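Those letters in the sequence shown? Residues 3 to 138, by our numbering. All C-beta atoms, glycine included, are put in the ideal place defined by N, C-alpha and C. On a predicted model such as this, the values are computed, not experimentally measured, just so you know.
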Amino acid sequence: MKRFLQILALVILINSCGSNDSVVFIDDIIVDDWTLLSQKIDGSETITDCTKSTTFSFRSNGVLRQVFYGLLNGECIVVSQPTSNWLVEDNSEYRIEEANGNIRIIKIFFSDNDNKFSLEETDENGKNIVSIFQRS
3 MKRFLQILAL VILINSCGSN DSVVFIDDII VDDWTLLSQK IDGSETITDC
53 TKSTTFSFRS NGVLRQVFYG LLNGECIVVS QPTSNWLVED NSEYRIEEAN
103 GNIRIIKIFF SDNDNKFSLE ETDENGKNIV SIFQRS
């Protein structure tokens, strides 16, 4: 009987360690890789050939990987690569949970048969930023 209980405990332990119950997959039209197409700050286009390389990658496991490009001494470089968590709040609202604990709710509007999306935000200086992304 003692041997049976040891084997049973081992089987339960192995099964509990191999469980992926905590992994949630999100099925949403935003799941894909997106490239920056346009960005206007207070109505003026600000995109350059360099910043057009900026990408957002929404993964079905709720991870958002962003790669931002900018010019430094005339060279196009990666200026930041934040990784966040995301989920759908409502039909067009998405919750972005940044690594530093900040939580942003952003409205995303799809167009062109869901191959483009736009988002509008206000930065810390009160400037209105409208970004348009297209599927990569």
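With a 10 Å radius around its C-beta and 16 neighbouring C-beta atoms as the bar for buried, classify residue i as buried or exposed.
| i | result |
| --- | --- |
| S113 | exposed |
| S86 | buried |
| L89 | exposed |
| F111 | exposed |
| F27 | exposed |
| T56 | buried |
How many Å lie between residue i and residue j at the Cα?
| i | j | result |
| --- | --- | --- |
| D23 | L74 | Note that D23 has pLDDT 49, beneath the 50 cutoff, so the model's placement of it is unreliable and no number is given. |
| L39 | S133 | 8 Å |
| C78 | W36 | 19 Å |
| D51 | F119 | 19 Å |
| G103 | R97 | 12 Å |
| N130 | Q136 | 20 Å |
| G128 | G72 | 21 Å |
| D34 | N115 | 14 Å |
| N63 | K109 | 20 Å |
| L66 | F58 | 7 Å |
| I105 | L121 | 16 Å |
| Q68 | G45 | 24 Å |
Using DSSP's beta-bridge definition, name the partner residues of residue i.
| i | result |
| --- | --- |
| I98 | W88, R106 |
| S120 | F111, I134 |
| K42 | E47, V132 |
| D35 | S59 |
At a cut-off of 7 Å, would you count residue i as near the ligand ZN, judging by its Cβ distance to the nearest heavy atom?
| i | result |
| --- | --- |
| I98 | Here there are no bound small molecules, and the ligand ZN is not part of this structure. |
query = Quick one: complete beta strand (DSSP E) runs, 3+ long, within the segment 56-93?
reply = Counting only runs of 3 or more, we get 57-60, 65-74, 77-82, 85-90.
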